[in-house]
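The block underneath contains the structure these notes are about, expressed in structure tokens.
Protein chains: 2
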Amino acid sequence: MLQLTRDGEYAVRAVVYLAAQPEGKISLISEISEVQEVPKSYLSKIMQHLVRSGLVRSRRGAKGGFVLARPADQITLRQTIEALEGQIHLNVCLIKKGECHRDDLCPVHPVWKEAQRVLIEVLDSKTMADLARDAEEIKRNSKKAG
Amino acid sequence: MLQLTRDGEYAVRAVVYLAAQPEGKISLISEISEVQEVPKSYLSKIMQHLVRSGLVRSRRGAKGGFVLARPADQITLRQTIEALEGQIHLNVCLIKKGECHRDDLCPVHPVWKEAQRVLIEVLDSKTMADLARDAEEIKRNSKKAG
DNA sequence: TCAATTTAGGACTAAAATCACCCTAATACT
DNA sequence: AGTATTAGGGTGATTTTAGTCCTAAATTGA
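Protein chains in written order, with my numbering: chain D, 1 to 146; chain A, 147 to 292.
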């Protein structure tokens with residue numbers, strides 16, 4: 001449907017949350033779930049994917065939980081989304097050569113290629129450190145105003 | 147899945163086909179279906195949508211068929227896609243205020259807004275006349291080469 | 001070692017989207 | 001009027017999405 005799934009949305013919320021935590025702080029499913037308003041049992045699935053994709057590290061058992069696997073400024077919005085949704089392909093014809101109904105004869109193909117390029121450019125330009133910082137600033141401003 | 151559906155893809159193929167026909171030429175489902183490699187019974191549904199959205203005009207019965215409802219340079223790629231898929235919203239939070247999990251507190255919201263803007267810009271920049279012309283040129287070049 | 005805690009992973013379900021078929025209604029021609 | 005042709009619209013199977021729930025495995029601390 002040309003729309004981000006819940007998987008992607010929730011993954012972003014979780015990783016932004018982790019990025020906003022102080023160095024070394026371990027976060028729990030229950031905690032992320034509550035603050036970011038994501039169903040707990042569903043979030044559990046999302047976190048598994050994030051761990052397996054290498055963006056997040058987990059520890060089981062008491063005192064366990066989740067932390068980012070690398071600095072927040074080395075994780076982009078795109079990477080987070082693709083961890084859950086797989087590589088972004090705006091149209092099937094962009095997956096690989098031969099998927100397009102008649103390959104090089106389709107005049108729409110290059111348009112999709114360009115559309116995907118500019119979309120990915122935007123998603124690549126924002127790191128989780130940026131987003132955590134932005135969230136901080138929004139919070140400050142809303143306090144000042146409210 | 148952040149991907150165009152078959153509906154959208156087939157709609158684009160059909161409208162590009164109509165745009166490439168000579169003035170006044172009436173096209174049949176069977177004809178479009180064969181040339182553009184779209185299942186006939188499925189295409190029938192697609193054409194209905196295109197008619198109801200006002201991009202295409204139809205006539206039933208013998209000698210019936212489809213023509214564009216207005217000049218091809220006044221139909222954009224975006225309009226064709228949106229005729230089938232509805233308005234493009236890359237994330238639910240872009241549908242309307244209040245869909246976002248915490249409205250103005252979400253730092254990701256403006257990024258999606260920008261991503262959607264640039265995507266739509268690309269899809270708006272190509273008209274069906276452009277695409278028909280491009281298809282023509284591709285055909286000429288492949289003949290020359292091949 | 002045992003209990004408490006916390007993630008890992010699989011099985012399961014409801015609802016929606018996707019992809020498609022097939023019969024019906026309208027039209028034109030003879 | 002009758003028949004062939006063509007779009008319109010309802011129906012259905014399959015897949016994806018979005019989620020729940022339960023058990024297993026790991027870790028900590030008493």
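Every residue gets a Cβ at the ideal spot worked out from N, C-alpha and C, and that includes glycine.
{"Asked": "I'd like to know whether the C-beta of Asn-237 (chain A) is nearer than 7 Å to at least one C-beta of chain D.", "Found": "yes"}
{"Asked": "With 7 Å as the threshold, decide whether the Cβ of Val-118 (chain D) is near any Cβ in chain A.", "Found": "yes"}
{"Asked": "Kindly identify the DSSP beta-bridge partner or partners of Val-56 (chain D).", "Found": "D:Leu-68"}
{"Asked": "Flag Glu-260 (chain A) as yes if its beta-carbon sits less than 7 Å from any beta-carbon of chain D, otherwise no.", "Found": "yes"}
{"Asked": "So with Cβ pairs under 7 Å, would you call Lys-191 (chain A) a contact of chain D?", "Found": "no"}
{"Asked": "Using DSSP's beta-bridge definition, name the partner residues of Ser-173 (chain A).", "Found": "A:Phe-212"}
{"Asked": "Grab me the residues of Lys-191 (chain A)'s own chain with a C-beta within less than 7 Å of its C-beta, minus the 5 sequence neighbours each way, in chain order.", "Found": "none"}
{"Asked": "Taking just the CA atoms, how far does Met-274 (chain A) sit from Ser-199 (chain A)?", "Found": "16 Å"}
{"Asked": "In whole angstroms, what separates the C-alpha of Ala-215 (chain A) from that of His-49 (chain D)?", "Found": "48 Å"}
{"Asked": "Within 10 Å of its beta-carbon, does Ile-95 (chain D) have 16 or more other beta-carbons around it, so buried, or fewer, so exposed?", "Found": "exposed"}
{"Asked": "Against chain D, which members of the segment 160–190 of chain A pass a CB distance test of less than 8 Å?", "Found": "Val-162, Gln-182, Glu-183"}
{"Asked": "Excluding the 5 residues preceding and the 5 following His-109 (chain D) in the sequence, name in chain order all residues of the same chain whose CB lies nearer than 7 Å to its CB.", "Found": "Cys-93, Cys-100"}
{"Asked": "On the DSSP letters alone, give me the boundaries of the alpha helix (DSSP H) that His-255 (chain A) sits inside.", "Found": "255–271"}
{"Asked": "Tell me the rounded alpha-carbon separation between Val-122 (chain D) and Val-111 (chain D).", "Found": "17 Å"}
{"Asked": "Looking at Ala-135 (chain D): is its Cβ nearer than 7 Å to the Cβ of Pro-253 (chain A)?", "Found": "yes"}
{"Asked": "Quick check: the segment 179–187 of chain A against the segment 201–208 of chain A, are there 3 or more CB pairs under 8 Å?", "Found": "no"}
{"Asked": "Between Pro-107 (chain D) and chain A, is the shortest Cβ-Cβ distance under 7 Å, so that the two count as touching?", "Found": "yes"}
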